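**Q** Counting in our numbering, the sequence shown tops out at residue 343, every number present.
We put the CB at the ideal spot given by N, CA and C, even for glycine.
All figures in this text were calculated on a predicted structure; none of them were measured in a lab.
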Amino acid sequence: MSITSLATLPRSIYIEPTSRCNELCQQCPRTLLSREDDRDLSFENFRFIVDQFPVLDRVVLHGLGEPLLNKDLPRMISYLKARGTYVLFNSNGILLNAKRGQALIDTGLDEYRLSMDGSTRETYARVRGVDAFDKIWRNIRAFVAMQKEQNASKPAVSLWFTAMRENLHELAGLVDLAYENGIREIHLQRLVYFEQGMAHSKQALFRRSTREELALVRRCEQRCQERGITFTAAGSATPLESLVRADFLRDGDRPWSGCQRPYTLTYITSSGNVLSCCFAPFGHTSAKEYQQERVIGNVFQEPIEAIWHGERYDAFRRAFESDRPAKHCSQCGLNWSY
Numbered sequence: 006m007s008i009t010s011l012a013t014l015p016r017s018i019y020i021e022p023t024s025r026c027n028e029l030c031q032q033c034p035r036t037l038l039s040r041e042d043d044r045d046l047s048f049e050n051f052r053f054i055v056d057q058f059p060v061l062d063r064v065v066l067h068g069l070g071e072p073l074l075n076k077d078l079p080r081m082i083s084y085l086k087a088r089g090t091y092v093l094f095n096s097n098g099i100l101l102n103a104k105r106g107q108a109l110i111d112t113g114l115d116e117y118r119l120s121m122d123g124s125t126r127e128t129y130a131r132v133r134g135v136d137a138f139d140k141i142w143r144n145i146r147a148f149v150a151m152q153k154e155q156n157a158s159k160p161a162v163s164l165w166f167t168a169m170r171e172n173l174h175e176l177a178g179l180v181d182l183a184y185e186n187g188i189r190e191i192h193l194q195r196l197v198y199f200e201q202g203m204a205h206s207k208q209a210l211f212r213r214s215t216r217e218e219l220a221l222v223r224r225c226e227q228r229c230q231e232r233g234i235t236f237t238a239a240g241s242a243t244p245l246e247s248l249v250r251a252d253f254l255r256d257g258d259r260p261w262s263g264c265q266r267p268y269t270l271t272y273i274t275s276s277g278n279v280l281s282c283c284f285a286p287f288g289h290t291s292a293k294e295y296q297q298e299r300v301i302g303n304v305f306q307e308p309i310e311a312i313w314h315g316e317r318y319d320a321f322r323r324a325f326e327s328d329r330p331a332k333h334c335s336q337c338g339l340n341w342s343y
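Have a look at this one:
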């Protein structure tokens with residue numbers, strides 16, 4: 006990557022509206038690892054951040070918290086849409102009542118991604134740590150109906166399924182739920198593991214899937230095709246390819262090297278900390294390690310331009326280009342696919 010390509014700031018960023026959450030997911034670093042203090046990003050601080058980026062093509066408004074907990078979320082979306090930005094976020098749907106749903110439609114939000122890691126109440130509660138399955142589906146049914154009544158094409162609603170041995174058997178049931186409730190996209194998401202809780206290598210399917218597990222995914226791909234449901238996975242891979250492909254071998258012992266995130270995007274937490282990407286919160290062993298090894302700067306202490314072109318980011322990129330990248334980079338492409 007040339008120095009010239011870094012001359013401008015990223016046009017795609019993640020901003021965490023809140024670090025609070027109303028679930029205790031058993032594969033999430035927020036539940037299982039040390040983390041930043043719970044806080045909401047104020048609208049004024051949000052504007053302070055985004056106004057530092059001359060051009061923003063795409064903004065993802067989520068991190069380790071549940072975005073709908075921040076009362077200023079609709080204002081944030083509207084502010085970005087006024088700039089012509091494509092806006093999306095993942096959500097657990099617990100708070101998606103009629104008022105919030107209408108606000109999302111009114112703001113012009115482009116995508117609403119519902120995290121749904123099971124097709125039964127029991128499995129959902131086991132994976133997500135709360136018994137909210139029935140409430141979430143009442144909410145999403147009402148929201149889709151509201152969109153239909155208003156002929157609102159946005160936001161596009163999709164289901165995001167973190168595939169694990171714990172829940173893969175419910176994928177076919179999730180296809181049925183999507184179809185019955187007018188949802189026409191399902192995304193099979195990799196498990197990013199760090200050997201705690203359900204975020205454990207024994208739960209991972211990437212390059213570990215059995216013949217039976219792959220056959221199940223293949224049947225679900227066919228089922229989606231028959232029902233007009235788009236079935237996607239990381240990058241340009243199909244869900245089946247995302248579990249078996251071996252493109253990590255393309256650069257020998259440097260499986261992370263195909264990632265462009267160090268040069269094209271950045272992730273900003275609700276406290277203003279700048280991280281290299283959404284994988285950075287995974288796998289650290291202490292708050293000290295997180296601060297020293299994962300945090301590149303803070304936008305409330307220095308401008309994003311100074312951070313993006315600063316020594317800490319440069320050191321991170323030099324390590325990325327060497328044989329000794331940051332820990333969360335070294336695992337990408339090897340233990341999971343980026």
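Flag E307 as yes when its Cβ comes closer than 7 Å to any non-hydrogen atom of the ligand ATP, and as no otherwise.
**A** Looking for the ligand ATP in the displayed structure turns up nothing, as the structure carries no ligands at all.
**Q** Could you check whether the region 90 to 98 touches the region 292 to 312, counting it as contact only if at least three pairs of C-beta atoms, one from each stretch, sit closer than 8 Å?
**A** no
**Q** Within its chain, find whatever has a CB closer than 7 Å to the CB of F253; leave out the 5 residues flanking it on each side and keep chain order.
**A** Below a pLDDT of 50, predicted positions are generally treated as unreliable, and F253, at 47, falls in that range; no measurement from the model is reported.
**Q** Which one of Q227, A204, D111, A168 has the shortest CA to CA distance from F287?
**A** A204
**Q** Applying the criterion that 16 or more other CB atoms from any shown protein chain within 10 Å of the CB defines a buried residue, is S247 buried or exposed?
**A** buried
**Q** Go ahead and label G240 buried or exposed: buried means 16 or more other beta carbons lie within 10 angstroms of its beta carbon, across all protein chains shown.
**A** Exposed: under 16 other Cβ atoms inside 10 Å.
**Q** Considering only their Cβ atoms, is the gap separating S17 from S275 smaller than 8 Å?
**A** no
**Q** Can you tell me where the beta strand (DSSP E) with H192 in it begins and where it stops?
**A** 190 to 194
**Q** What span of residues does the alpha helix (DSSP H) with Y318 cover, start to end?
**A** 316 to 325
**Q** What is the residue span of the beta strand (DSSP E) that V64 lies within?
**A** 63 to 65 is the extent of the beta strand (DSSP E) around V64.
**Q** Please report how far the alpha carbon of A183 lies from the alpha carbon of D43, in whole angstroms.
**A** 33 Å
**Q** Tell me which residues share the same chain as R232 and place their Cβ nearer than 6 Å to its Cβ, disregarding the 5 neighbours each side in the sequence.
**A** Y184
**Q** Shortest alpha-carbon distance to F211 belongs to which of L179, E226, I145, V249?
**A** For the residues L179, E226, I145, V249, the minimum Cα distance to F211 belongs to V249.
**Q** Return the CA-CA distance between C283 and E21, expressed in angstroms with no decimal places.
**A** When rounded, the separation of the alpha-carbon atoms in C283 and E21 is 10 Å.
**Q** Does the contact criterion of 3 or more C-beta pairs under 8 Å hold for the region 265 to 279 versus the region 213 to 223?
**A** no
**Q** Under DSSP, the alpha helix (DSSP H) around Y268 begins and ends at which residues?
**A** Where Y268 is concerned, the enclosing alpha helix (DSSP H) stretches over 266 to 269.
**Q** Evaluate contact between the region 111 to 127 and the region 77 to 90, counting only Cβ atoms and requiring at least three cross-stretch pairs below 8 Å.
**A** yes
**Q** Would you kindly work out how many angstroms separate the C-alpha atoms of T9 and R170, rounded to a whole number?
**A** Unreliable placement is indicated for T9, whose pLDDT of 42 sits below 50; no coordinate value is reported for it.
**Q** Tell me where the alpha helix (DSSP H) around F48 begins and ends.
**A** 48 to 55
**Q** Check whether the Cβ atoms of L196 and T167 lie closer than 8 Å to each other.
**A** yes
**Q** Does DSSP put F253 in a helix, a strand or coil?
**A** Confidence at F253 is low in this model, with a pLDDT of 47, below 50, so its placement is unreliable and no value can be given for it.
**Q** Do V65 and Y5 come within 8 Å of each other at the CB atom, strictly closer than that value?
**A** Because the chain in this structure spans residues 6 to 343, residue 5 falls outside the shown range and cannot be described.
**Q** G277 to P72, Cα distance in whole Å?
**A** 16 Å
**Q** What distance in whole Å lies between the Cβ atoms of Q194 and M151, which are believed to be in contact at a cut-off of 8 Å?
**A** The Cβ separation is near 26 Å, so there is no contact.
**Q** When burial is assigned at 16 or more other CB atoms within 10 Å of the CB, is E154 buried or exposed?
**A** exposed
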